[in-house]
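Each remark here refers to the structure printed beneath this line.
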Amino acid sequence: MSQQSATGLDKSMLVGGEWVGADDRITVIHPYDSEPVGSVPSASESQVEAAVDAAAEAVEASTLSAYERYELLSATARQVESRAEEIARTLTSEQGKPITEARTEVDRAVQTLDMSAEEAKRMFGEYVPMDAQRGFARDHCFTQREPVGVVAAITPFNFPLNLMVHKVGPALAAGNAVVGKPASNTPLCGILLFECLDDAAAEVDADVPDGLFNVVTGSGSTTGDVILEHDAVESISFTGSTAVGKYLANNSGMKEVTLELGGNDPTIVWDDTDIEQAAEAVVGGACGNAGQVCNSVERVIVPEHAEAEIVDAIVEAAEALAVGNPFDEATQVASMVDDSQFDDVVEIFEKTVEMGATVECGGNYGGELGERVFEPTVLSDVTPEMPAASEETFGPLVPVISVPDFEAAIEEANNTRYGLEAGIFTQDIDRAKRAADAIDAGGVNVNTVSGFRADHMPYGGFKESGVGKEGIKYAVEHFSRQKLVGFHQGFTDV
Ligand code: NAP
Numbered sequence: 018m019s020q021q022s023a024t025g026l027d028k029s030m031l032v033g034g035e036w037v038g039a040d041d042r043i044t045v046i047h048p049y050d051s052e053p054v055g056s057v058p059s060a061s062e063s064q065v066e067a068a069v070d071a072a073a074e075a076v077e078a079s080t081l082s083a084y085e086r087y088e089l090l091s092a093t094a095r096q097v098e099s100r101a102e103e104i105a106r107t108l109t110s111e112q113g114k115p116i117t118e119a120r121t122e123v124d125r126a127v128q129t130l131d132m133s134a135e136e137a138k139r140m141f142g143e144y145v146p147m148d149a150q151r152g153f154a155r156d157h158c159f160t161q162r163e164p165v166g167v168v169a170a171i172t173p174f175n176f177p178l179n180l181m182v183h184k185v186g187p188a189l190a191a192g193n194a195v196v197g198k199p200a201s202n203t204p205l206c207g208i209l210l211f212e213c214l215d216d217a218a219a220e221v222d223a224d225v226p227d228g229l230f231n232v233v234t235g236s237g238s239t240t241g242d243v244i245l246e247h248d249a250v251e252s253i254s255f256t257g258s259t260a261v262g263k264y265l266a267n268n269s270g271m272k273e274v275t276l277e278l279g280g281n282d283p284t285i286v287w288d289d290t291d292i293e294q295a296a297e298a299v300v301g302g303a304c305g306n307a308g309q310v311c312n313s314v315e316r317v318i319v320p321e322h323a324e325a326e327i328v329d330a331i332v333e334a335a336e337a338l339a340v341g342n343p344f345d346e347a348t349q350v351a352s353m354v355d356d357s358q359f360d361d362v363v364e365i366f367e368k369t370v371e372m373g374a375t376v377e378c379g380g381n382y383g384g385e386l387g388e389r390v391f392e393p394t395v396l397s398d399v400t401p402e403m404p405a406a407s408e409e410t411f412g413p414l415v416p417v418i419s420v421p422d423f424e425a426a427i428e429e430a431n432n433t434r435y436g437l438e439a440g441i442f443t444q445d446i447d448r449a450k451r452a453a454d455a456i457d458a459g460g461v462n463v464n465t466v467s468g469f470r471a472d473h474m475p476y477g478g479f480k481e482s483g484v485g486k487e488g489i490k491y492a493v494e495h496f497s498r499q500k501l502v503g504f505h506q507g508f509t510d511v
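Here it is in structure tokens:
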């Protein structure tokens, strides 16, 4: 199979059922060699407004039943499945992740769509026993869930397909219309998803109104401001950096906002575990997608008395990773998405070493390794104030911090403004339970790394890692609102 990226993928935006261009276009490049992959329109403010207007009209006009929404999303899953290899190659072309990881992301997206389809049938309400309060024995009340209306779905570069599905699937399942806005450096897979939706809509036996799903590409701030200001947008679902998340939260007024933001996730490796297996998992969790994962292993916390043994095992696992061309089937670590991400990691690495950390392995970047490629790099003697420990690092660094005892490990795990996920390797149930209770994060994973996510589980961080939960069922709750319907005593005396 070719080791080259895709070329000539010049795509359009979907606005109100029409595929449209724009006066300006954005070129998308392959991170490993900087060759152009394709281009997308750079939407004007009026085009983003038109997309929201179309979505508002469509949701008003939509008569889709739960079963029809299930059919639409199932048909979309089949479309993605039938184009899986094309989408995976586009994903590697624009984002630079290894092709094997891209295939996994496409497979996850198919499952996320299928789970969204199923969830369309489960928008249950509940019966409220009114006779629990004195004087209401003859009243009957129940709740029903209704769509919120227009949902804006804004996604980052690192999982450009599955993160868009995480929003679009549940939003449509709940009966809403959506306006998707993928990241400008990786917009192509998001557009392919909307192509699949469009083909699915034409295929199913249901009246899917034009404008029920729209995708716009272009500057985040232009799009974001239109979305914030447009009255028809009821809900904003954002995944990305904490800085942009805070901007949206501070300017969203009465709109519902879900924020899936950054992380600086700890994984504790205690010495009562299988150190070799834990080390392999830690390295996989730190270096997958070249470390550009929100819940990747950002800090490894180990007991001082076993530090040398654990560091050796981590180094062995890191050195075993194949680094290089993302289209090579054997590659496990490839390029970072762009110069800005790459330069940030170089700076964090250099500063951390200047401050006294020891490079146990790796430490090379760029040059012969390939453009924007950073070698898996294990750092020891890391202290909490060094940038590799204190900042979110979107690169394949594995900083190891040693602590005197387990309480200090918990304290160190919580020594961050973030709280996305955490991992702990231990065979001691008391330590596991203590970590689960005491670590202030949206998820604590025992016997695996912080970077664990199944697409149906509730997922979302505490502190500066975000607000609200994703995961299909939880996103459907977020994208729908609860209405109380009451039947009260009438005027007849029965
Ligand atoms: P980013 O710079 O915040 O961009 C994310 C999205 O927001 C992009 O589509 C971007 O558009 C858009 N955007 C930029 N400015 C905006 C504004 N003023 N209003 C509205 N939208 C705006 O993040 P990134 O660098 O792509 O992604 C990396 C970050 O995402 C990391 O911090 C990572 O931890 C986080 N992340 C979190 C999760 C999670 O589930 N918690 C998952 C994945 C990633 P442009 O591309 O056009 O600028």
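Take the working numbering: the last position of the sequence shown gets the number 511, and nothing is skipped along the way.
From the three backbone atoms N, C-alpha and C, an ideal C-beta is built for every residue, glycine too.
Everything numeric in this text was worked out from a predicted model, so none of it was measured.
inquiry  = Could you compute how far the alpha carbon of residue 149 sits from the alpha carbon of residue 156?
reply    = Computed Cα separation, rounded: 11 Å.
query = residue 18: buried (16+ other C-beta within 10 angstroms of its C-beta) or exposed?
reply = Reliability fails at residue 18, whose pLDDT of 48 lies under 50, so the model's placement of it is uncertain and the value that follows must be treated cautiously. Classification of residue 18: exposed, given that the 10 Å Cβ count is below 16.
key: Between the CA atoms of residue 101 and residue 59 - distance to the nearest angstrom   = 26 Å
Coarse secondary structure for residue 357, derived from DSSP in three states = helix
inquiry  = So, with DSSP's three-state summary, where would you put residue 25?
reply    = Correct three-state label for residue 25: coil.
inquiry  = Excluding the 5 residues flanking residue 38 on each side, which residues of the same chain have their C-beta closer than 6 Å to its C-beta?
reply    = Non-local beta-carbon contacts of residue 38 in its own chain, meaning distances under 6 Å to residues more than five positions away in sequence, involve 29 and 58 in chain order.
inquiry  = At a cut-off of 6 Å, would you count residue 311 as near ligand 1, judging by its Cβ distance to the nearest heavy atom?
reply    = It does: the Cβ of residue 311 is within 6 Å (strictly closer) of some heavy atom of ligand 1.
message = I want to check one thing, is the minimum distance from the CB of residue 264 to the heavy atoms of ligand 1 below 6 Å?
response = yes
task = Report back the beta-carbon spacing between residue 496 and residue 283 to the nearest angstrom; my notes put them in contact at under 8 Å.
result = Actually they do not touch by this definition, with Cβ atoms about 31 Å apart.
message = Quick check: the Cα distance between residue 87 and residue 118, rounded to an integer number of angstroms?
response = 28 Å
key: Per DSSP, the bridge partner or partners of residue 491   = The partner list for residue 491 (beta bridge, DSSP) is empty, contrary to what the question assumes.
message = Is residue 174 near ligand 1 - that is, is its Cβ less than 6 Å away from at least one heavy atom of it?
response = yes
inquiry  = Give me, in chain order, the residues of the same chain whose beta-carbon lies closer than 7 Å to that of residue 352; leave out the 5 immediate sequence neighbours on both sides.
reply    = 48, 49, 113, 307, 343, 387, 388, 389 and 390
task = Taking only the alpha-carbon atoms, compute the straight-line gap between residue 316 and residue 399 and give it to the nearest angstrom.
result = 9 Å
message = Rounded to whole angstroms, what is the Cα-Cα separation between residue 378 and residue 332?
response = Cα to Cα, residue 378 sits roughly 6 Å from residue 332.
task = Check whether the Cβ atoms of residue 142 and residue 161 sit closer than 7 Å, and answer yes or no.
result = yes
message = Within 10 Å of its beta-carbon, does residue 146 have 16 or more other beta-carbons around it, so buried, or fewer, so exposed?
response = exposed
ask   = Which word fits residue 231, buried or exposed, when buried means at least 16 other C-beta atoms lie within 10 angstroms of its C-beta?
value = Residue 231 sits buried, since 16 or more C-beta atoms from the chains shown fall within 10 Å of its C-beta.
inquiry  = Can you tell me whether residue 127 is buried or exposed? The criterion is at least 16 other CB atoms within 10 Å of its CB, across all chains shown.
reply    = Its Cβ being crowded by 16 or more others within 10 Å, residue 127 is buried.
ask   = When we look at the beta-carbon of residue 446 and count the other beta-carbons within 10 Å, is it buried (16 or more) or exposed?
value = exposed
inquiry  = So, does the stretch 455-473 touch the stretch 406-421, judging by three or more C-beta pairs under 8 Å?
reply    = no
task = Counting only the same chain and skipping the five closest in sequence on each side, list residues whose C-beta sits under 7 Å from that of residue 67.
result = 32 and 33
query = Going by the CB atoms, is the gap between residue 477 and residue 277 shorter than 7 Å?
reply = yes
inquiry  = Is residue 171 close to ligand 1? I mean its beta-carbon at under 6 Å from any heavy atom of the ligand.
reply    = At least one heavy atom of ligand 1 is nearer than 6 Å to the Cβ of residue 171, so yes.
key: residue 195: CB within 6 Å of a non-hydrogen atom of ligand 1   = no
key: Residues near residue 21 in its chain [Cβ-Cβ closer than 7 Å; skip 5 each side]   = 344
Residue environment, residue 426, which counts as buried when at least 16 other CB atoms sit within 10 Å = With 16 or more other Cβ atoms within 10 Å, it is buried.
inquiry  = Quick check on residue 436 - is its C-beta less than 7 Å from some C-beta in chain C?
reply    = Given the protein chain composition of this structure (a single chain), no chain C is represented.
query = How about the stretch 238-255 and the stretch 171-182: do they share at least three Cβ pairs that are nearer than 8 Å?
reply = The stretch 238-255, when compared against the stretch 171-182, does touch it at the 8 Å Cβ threshold.
key: Run of the beta strand (DSSP E) containing residue 170, from where it starts to where it stops   = 167-171
Residue 153 (DSSP reduced to helix, strand or coil) = coil
message = Going by C-alpha to C-alpha distance, which of 375, 374, 363 and 153 sits closest to residue 382?
response = 363
message = With a threshold of 6 Å on Cβ separation, who are the neighbours of residue 474 within its own chain once the five nearest residues in sequence on each side are excluded?
response = 488
query = To the nearest angstrom, how far is it from the Cα of residue 464 to the Cα of residue 372?
reply = 32 Å
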